[in-house]
Structure formats: C-alpha cells, structure tokens
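> Sequential numbering from 5 applies to the sequence shown in my numbering.
Before we start, here is the structure in question, set down as structure tokens.
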Amino acid sequence: MIRAACKFLVNSDEEQGREVEQNIRKFSNSRINIFNILLVLLFVSLVSITIIIRIRTLSVPLERDEGEYAYAGQLMLQGVPPYSLAYNMKMPGIYAAYAVILAIFGQTASGIHLGVLFINAATIVLLFLLTKKFFGPIAGAAAAVFFALMSISNAIKATANAENFVVLLAIAGILLLVNFTESKKTLSLAAGGLLLGIAFMMKQHGAAFIIFGFLFLVWREIKHRPLNWKRLIFVSLVYGFCAILPFLITCLILWRCSVFGKFWFWTFEYSRHYISIISPLTGFKVLKIVLGDIFSASIFLCLSALLGFLSIIWNREIRRQWVFLVFFFICSFLAVCPGFYFRRHYFLLFLPALCILGSVGVIAIRDLLGKVIKSQRRTQFIAILIVLAIWLQSFYSQRDYLLESDPVKISRIGFGLNPFPEILKIAEYIKANSNKEDKIAVFGSEPQIFFYSQRRSATPYIYVYPLMEPQPYALKMQHEIINLIEADNPRFAVIVKVFPSWLVWEDTDRTILKWIDSYILPRYRQIGLVEMLSMKETSYRWDSAAKPSREDGWIFIGERGD
C-alpha cells in the first residue's frame with residue numbers, strides 16, 4: 005500500500021509537471037500569436053491607407069511620361085508598332101505594359117492609375133517576401149509599409165512612370181534568384197534572369213539590377229568551398245542568356261515590324277548623346293536638392309537606413325548579409341544615375357534599397373535593446389512601435405499632399421504650373437470638334453493630348469525636347485518636323501508656350517520657333533486660348549481672338565484655315 009501511495013504521488017507530480025509545462029507553452033504561444041496578429045494588423049492597416057490614398061487620386065491628370073506611354077500603348081492596341089508614329093528613347097516594354105493596362109482597365113487616366121495600383125501592391129508584397137527572407141518578418145513588414153508610403157511621395161513623383169514596372173520585375177527577379185541559391189532549381193535561375201531582362205526592356209535603367217543579380221549569384225557560388233568552377237560558369241551562362249533573351253526577342257519583333265532602325269537610333273544612338281548633355285557638377289547640384297526633399301519627407305526612415313547600413317559593423321546577423329545590402333544599395337543608386345539628370349521619379353528605383361536598409365535599422369535597434377531588455381516580447385513590440393513611428397513621421401510631413409483629394413490641386417502641388425489639367429480640357433474640346441482622321445500638330449512636349457483626344461500626332465515627334473537639346477541631330481529633327489507638317493497640313497495646331505514644355509537651351513537653334521511664327525500662326529485660326537494665371541486659376545477662352553496677357557504660361561489652339 006505504501007508503495008502504491010508513493011507511486012501515485014510520483015505520477016501525480018509528473019502529470020502536474022507536464023501540465024505546467026504545457027500551460028507555459030500555451031502562454032508562450034499566445035504571446036507569439038499576439039505579436040503576429042499585431043504585425044499583420046500593422047502591415048494591413050498601413051498598406052491599406054496608402055491604397056486608399058491611391059484610389060482617391062486615380063483621376064489625377066496624366067503627366068508627360070504617362071501621356072507618352074499611354075499614347076504609344078493606345079497605338080499598339082490599334083496595331084501600330086512602337087517607334088513608327090511616336091519617337092522616344094524609352095524601351096518598348098513600357099509601351100506594351102501600358103497597352104495591357106489600357107486593354108484591361110480602360111483608356112482613361114483613372115484606368116492607368118488603377119493598373120499601376122495593382123503593380124504597386126504586387127511590389128509591396130514581393131518586397132516583404134524578399135526582406136523577410138534575409139532579416140525576418142518584422143523587417144519584411146517594415147520595408148513593405150515604408151515603400152508603400154514613399155512610393156506615393158511628392159518628393160519622388162513616380163505616379164505611373166516606367167520605374168514602377170522596373171521595380172516590380174527587379175524585386176520579383178531577385179527573389180527568384182534567392183530561391184535558386186536555396187533550392188538549386190535551374191528554373192528559378194532562368195525565371196529570375198528573364199524577369200530582370202524584362203525590367204531592362206521597361207527602361208534602360210533596369211540594367212543596374214541585372215548587374216546586381218550577377219554579382220549576387222557569383223557571391224553565393226564563391227561562398228562554397230571548394231569553389232566549383234563548372235557550376236559557376238553554368239550559372240553565369242544560364243543567367244546571362246535568360247537576362248538578354250527579352251532584348252533579343254524584342255529586336256526580332258521590331259525587325260519584323262520594320263521599325264528596328266528607328267528603335268536602335270532612339271534607344272541607343274540618340275540616347276548616347278542624351279546622357280552626355282548634363283555635366284556631373286550640374287547633376288550633383290540637382291542630386292542635392294532631390295535628396296534633401298526625400299530626407300525632409302522621411303527623416304526617420306533615412307536615419308534608420310543609415311543606422312541599418314552602419315549596423316553591418318557590429319551586428320553579426322546583419323553582417324552575414326552585407327554583400328546583399330551593399331551591392332543592392334550601390335546598384336540601386338547606379339540605376340538613378342544615367343545622364344546625371346536625377347529626375348525625381350528615377351528615385352523609385354532606389355526606394356527598395358532605402359526601405360530595406362530602413363527596416364534593417366529597426367532590427368539593429370531591436371537587437372541593441374535586447375542586450376538591455378531581456379524580454380524578447382518587449383523588444384519585438386518596441387520594434388513594431390519604431391516602425392509605426394517612422395511611418396507616421398513620413399506621413400505627417402507630407403500630409404498636405406497625401407490628404408488632398410482634388411485632382412487638379414494634386415497636379416499643381418506635384419508639378420506646379422505644368423499644363424497637365426489644361427491639356428485634358430483642350431483634348432476634350434478637340435475630340436468633340438473633330439473627326440477621327442484629323443491630326444494634331446503639338447508644339448510642345450504634351451503627348452497626353454493625343455491619348456485623351458484619341459487623335460494622332462501630325463509627326464512622330466511627340467516631344468520637342470530633342471529639338472532643343474545641344475545634340476547633333478537637333479537641327480535635322482527640326483527640319484524634319486517642318487517638312488512633315490507642311491506636307492500633311494494637319495487640321496489642328498496647339499502651341500504650348502510653357503517653359504517646362506520646351507526647355508530651350510542657351511545655344512539652341514531656334515529655326516522651328518521662327519517657323520512657328522511665320523508659318524503656323526498665319527495659317528491657323530485661333531479657336532482657343534488657355535492661360536494659367538496662377539496655381540489656382542486658369543482662363544479658358546474658346547472661339548476667341550483674344551491675345552495672351554503674359555509672355556509665358558499660355559496655350560494657343562488653332563484650326564487650319566481652309
């Protein structure tokens with residue numbers, strides 16, 4: 005009986021011990037679940053806010069680049085290949101992407117911006133997955149919400165530009181390359197190379213991410229000892245072939261469409277002169293201004309990114325990924341640099357690197373606090389609060405722009421007195437008073453007018469910028485436009501007397517400007533005059549012979565005098 009009693013007590017103690025252990029595990033798991041729930045709520049809430057902001061701004065008038073892509077995409081849907089009726093130095097991938105968006109979401113500014121909303125949402129998810137692979141879920145969520153907000157920042161102005169598509173494809177391609185280094189599946193390697201190659205076909209700047217992909221793969225291969233040279237060569241060849249394949253296929257298609265010569269001239273020969281116009285000193289001055297605005301819009305994020313970069317020195321876990329961080333940072337910045345123009349929307353290409361480093365900064369702070377605060381749960385919660393603080397600071401500093409809902413006001417805040425709202429109304433007027441076969445000669449750089457009006461340009465020169473630049477083809481291009489217009493005699497002429505629409509250089513040959521005064525104005529009857537009087541007021545005078553009241557900031561709409 006005594007033995008039985010002792011056995012009962014021992015068994016009872018063991019059962020109680022197991023019960024206590026199970027309760028501890030349940031309690032610990034409940035803490036983990038609470039943390040995961042908070043992280044998901046943070047991610048969903050902050051990303052949802054940025055999506056709501058995008059939805060409220062869908063009808064913002066298109067800017068020039070968007071107008072170019074929209075017009076070229078519209079022509080493609082009509083069976084017209086790129087570079088036949090619309091010249092520019094952009095790669096044709098962006099025109100094809102816009103054609104798909106127009107076909108799915110409709111040929112309106114709202115349809116375009118809705119399509120890019122989905123592109124942006126996909127990028128946010130992919131950036132979360134990429135960052136999470138290297139630095140964990142908190143870093144992944146942080147990078148994603150930072151990118152979601154800063155991608156709609158007025159400091160960057162990357163509404164529906166080609167950079168959105170480059171970033172999506174680049175992040176997706178890099179994520180596949182990371183998967184390849186883990187799974188060794190050649191399909192992931194090939195798919196990653198293809199996506200990065202397509203990113204280049206969206207815009208030449210995407211080449212920087214192809215370089216990063218190669219450096220990343222080489223780094224991962226040489227980490228293995230002993231080094232397998234055959235495997236390194238195999239990986240390099242497969243990646244290189246897949247990365248260049250989209251370009252080769254595109255060249256073949258354009259050759260079959262009889263536009264390869266124009267494509268090559270604009271995207272390589274002309275571009276070679278274009279990127280040599282701005283001096284490094286001038287570019288550096290522009291860079292300081294843009295970086296200053298980005299810093300002002302996201303002070304905490306930039307400081308966290310700096311901390312994340314420096315944490316490579318003392319944080320062992322972060323230092324393990326130093327090659328990824330450093331190479332991705334450098335290549336992302338190189339993507340912004342071609343020509344030293346440093347246009348604001350270029351910096352969307354740099355934004356993923358900034359946001360990843362910002363998230364690494366949060367992890368570095370969490371790990372430093374972990375040495376003082378022994379509770380992992382508390383340090384995790386503090387990390388979430390830091391992410392929220394960084395996001396809120398950036399949102400608050402841009403609240404006037406982000407909370408504005410009037411499309412015209414948003415355009416004015418973002419682009420000043422550029423005539424983007426006015427072009428929409430002018431296009432609507434021309435569309436209502438013309439036939440589909442009528443053409444428009446636009447003297448300015450406002451290709452969106454062709455897209456809105458669904459009327460074709462009288463010449464393939466949808467921008468006048470190349471005509472004004474100090475490059476060897478400028479005068480020849482001016483004479484070509486003059487000859488085309490004199491031969492075609494288009495029904496409508498639109499003269500945009502707004503400096504940003506021309507960007508006339510000091511040593512620009514002004515042949516075409518004199519020709520406009522001597523040939524266009526006498527032959528085209530004024531049917532409209534639009535004057536941008538201030539940021540809040542625009543004067544529209546239709547069927548009026550009124551003269552402009554100012555030297556700059558007006559648009560002449562004329563109809564051919566038959």
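Built from N, CA and C at the ideal position, the CB exists for glycine as well.
(1) Report all residues from its chain with a CB closer than 8 Å to the CB of H117; omit the five preceding and five following residues, and keep chain order.
(2) Do you know whose CA, among N158, V242 and M80, lies nearest I414's CA?
(3) Is the beta carbon of Y345 less than 8 Å from the beta carbon of G287?
(4) Does the Cβ-Cβ distance between G562 and A462 come in under 8 Å?
(5) Could you say if the segment 338 to 357 and the segment 286 to 303 meet the contact criterion of at least three C-beta pairs nearer than 8 Å?
(6) Below 6 Å CB to CB, which residues in the same chain sit around K30 once its five sequence neighbours on both sides are set aside?
(7) May I have the straight-line CA-CA distance separating D404 from E510, to the nearest angstrom?
(8) CA-CA distance, R564 and C306?
(9) Hey, would you say M205 sits closer than 8 Å to T127, going by beta carbons?
(10) Just to check my reading of the structure: Y91 and W270 have Cβ atoms closer than 8 Å, yes? What is that Cβ distance to the nearest angstrom?
(11) On the DSSP letters alone, give me the boundaries of the beta strand (DSSP E) that L533 sits inside.
(12) Comparing alpha-carbon positions, which option in F216, L43, I237 and I214 lies nearest E225?
(13) Taking C-alpha atoms, which residue in A101, Y456 and Y75 lies nearest to E432?
(14) Enumerated in chain order, which unbroken segments of the alpha helix (DSSP H) with a length of 4 residues or greater are wholly contained in the segment 110 to 162?
(15) Do the segment 216 to 224 and the segment 327 to 339 make contact, defined as three or more Cβ pairs closer than 8 Å?
(16) Assuming contact is defined by CB atoms lying nearer than 8 Å, are G77 and L106 in contact in what I supplied?
(17) Count the other CB atoms, across all protein chains shown, that sit within 10 Å of the CB of Q402; report buried if there are 16 or more and exposed otherwise.
(18) Mind checking Y567: buried by the 16 CB within 10 Å criterion, or exposed?
(19) For D492 and K440, what's the separation of their Cα atoms in angstroms?
(20) Could you check the C-alpha separation between E309 and V171 for me, to the nearest Å?
(21) By Cβ distance, which residues of its chain are closer than 8 Å to F122, with the 5 residues on each side in sequence left out?
(22) What is the residue span of the beta strand (DSSP E) that R320 lies within?
(23) Compute the beta-carbon to beta-carbon distance between E587 and L353, rounded to the nearest angstrom, for a pair I have assumed lies under 8 Å.
(24) Helix, strand or coil, according to DSSP, for I303 in the structure here?
(25) Have a look at P411 and F328 and give me their C-alpha separation to the nearest angstrom.
(26) Along the chain, where does the beta strand (DSSP E) containing V500 start, and where does it finish?
(27) Using DSSP bridges, identify the partner residues of S461.
(28) So is R495 buried or exposed if we call it buried at 16+ other beta carbons inside 10 Å?
(29) Between the C-alpha atoms of S302 and K161, what's the straight-line distance to the nearest angstrom?
(30) Helix, strand or coil: how does DSSP classify E72 here?
(31) State the start and end residues of the unbroken alpha helix (DSSP H) segment that holds E225.
(32) Could you check the C-alpha separation between W326 and L131 for me, to the nearest Å?
(33) Smallest Cα separation from I360: which of K137, V294, D69 and L79?
(34) Going straight from the alpha carbon of Y350 to that of L66, what length do you get?
(35) Let me check understanding here. Comparing Cα to Cα, which of N487, K501 and Q475 lies closest to E450?
(36) Counting only the same chain and skipping the five closest in sequence on each side, list residues whose C-beta sits under 7 Å from that of N319.
Taking the geometry as given:
(1) R58, T61, L62, S63, V64, T163 and A164
(2) N158
(3) yes
(4) no
(5) yes
(6) Confidence at K30 is low in this model, with a pLDDT of 48, below 50, so the placement of that residue should be treated as unreliable; the coordinate-derived value is given next. Nothing meets the Cβ criterion.
(7) 37 Å
(8) 55 Å
(9) no
(10) 6 Å
(11) Y528 to M536
(12) I237
(13) Y456
(14) 113 to 139 and 141 to 154
(15) yes
(16) yes
(17) buried
(18) Residue 567 lies beyond the range of the chain shown here (5 to 566); nothing can be said about it.
(19) 16 Å
(20) Position check: residue 309 holds Ala in this sequence, whereas Glu was assumed. Straight-line Cα distance between these residues: approximately 19 Å.
(21) none
(22) Segment R320 to R323 is the alpha helix (DSSP H) holding R320; no beta strand (DSSP E) there.
(23) The chain is shown only over 5 to 566; residue 587 falls outside these bounds and no answer can be derived.
(24) helix
(25) 40 Å
(26) F496 to K501
(27) I444
(28) buried
(29) 14 Å
(30) helix
(31) A211 to I226
(32) 18 Å
(33) K137
(34) 17 Å
(35) K501
(36) A368 and D371
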